[in-house]
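Q: Please read through the structure below; I'll follow up with questions.
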Amino acid sequence: MTSTADPIIWLRTETCGLGPYRADLVETYWRWEQDPALLVGYGRQAPESLEARTEGMAHQLRGENIRFTIYDLGDSEPTPVGVATLLPDHGVRTAEFVIMLGPEARGRGLGTAATRLTLDYAFHVTNLRVVWLKVLAPNVGAIRAYEKAGFRKVGAIRQAGYWLGQVCDEIVMDALATDFIGPSAVAPSHPASD
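According to this note's numbering, the sequence shown is numbered sequentially starting from 73.
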């Protein structure tokens, strides 16, 4: 399911790539966002109409948040499978990280790969010093993926979320630029000057 024959891929591994956020994929993004497993993982309680999502897309494309389409590069053609977002606070050089994967992409390591690529971009292109996120405590699969990508648990916001109708904590995790170790998809293409 690729909307264009040759989508733009800015950063890549062998299996995963990040490219621009695309208005022509609004219905695909919306479909992923309505998946009950995603609603539970985000702690959201209600789906959104396609009309409302389409209206919001124009605002998102104009905003200063950094959004990527995540591609599965394992097939013969790059296939969109999710979205990664950085919500920057330029005054303090930090950003909140949010990721969404379609159901067909989960459990294959693409979330970890996309998270690492997003951190690589955050630290080597946007020059952020900290990227942080919140994740519901029972979402152990997501926590493991974030840890593999370089995030560390730094605390919890007690009873701040809901998981399957039960109150739960939100775990706060961060990744520091000083802790980010390769491989980098950005740095090799831009060697330091002598």
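All C-beta atoms in this analysis are idealised placements derived from N, C-alpha and C, irrespective of residue type, glycine included.
(1) Report the start-end ranges of each beta strand (DSSP E) in the stretch 77–150 that is 3 residues or longer and not cut off at the edges.
(2) Here's the rule I'm using: 16 or more other beta-carbon atoms within 10 Å means buried, otherwise exposed. How should I253 be labelled?
(3) Taking only runs of the alpha helix (DSSP H) that begin and end inside the stretch 180–240, which ones reach a length of at least 4 residues, in chain order?
(4) With distances taken Cα to Cα, identify the nearest neighbour of G179 among V153, E123, F195.
(5) What is the residue span of the beta strand (DSSP E) that A167 lies within?
(6) Report the three-state DSSP secondary structure of A257 (helix, strand or coil).
(7) With distance defined between alpha-carbon atoms, name the residue in K225, A249, I81 nearest to E149.
(8) Decide if the stretch 120–131 is in contact with the stretch 90–104; the criterion is three or more beta carbon pairs, one per stretch, under 8 Å apart.
(9) Can you name the residues that DSSP bridges to E242?
(10) Assuming contact is defined by CB atoms lying nearer than 8 Å, are T190 and F140 in contact in what I supplied?
(11) Assuming L158 and V207 form a contact by the criterion Cβ under 8 Å, report the distance between their Cβ atoms to the nearest whole angstrom.
(12) With which residues is T250 paired in a DSSP beta bridge?
(13) Kindly indicate which residue of D251, R165, L173 has the alpha-carbon position closest to the one of I142.
(14) Rounded to whole angstroms, what is the Cα-Cα separation between A272 and I229?
A: So, to answer that:
(1) 88–92, 138–144
(2) exposed
(3) 182–196, 212–221
(4) V153
(5) 166–173
(6) coil
(7) I81
(8) yes
(9) Looking at the DSSP output, E242 bridges to L208, I229.
(10) yes
(11) The Cβ separation is near 16 Å, so there is no contact.
(12) The partner list for T250 (beta bridge, DSSP) is empty, contrary to what the question assumes.
(13) Looking from the CA of I142, the closest CA among D251, R165, L173 belongs to L173.
(14) In the structure as shown, the chain begins at 73 and stops at 266. Residue 272 is therefore absent and cannot be evaluated.
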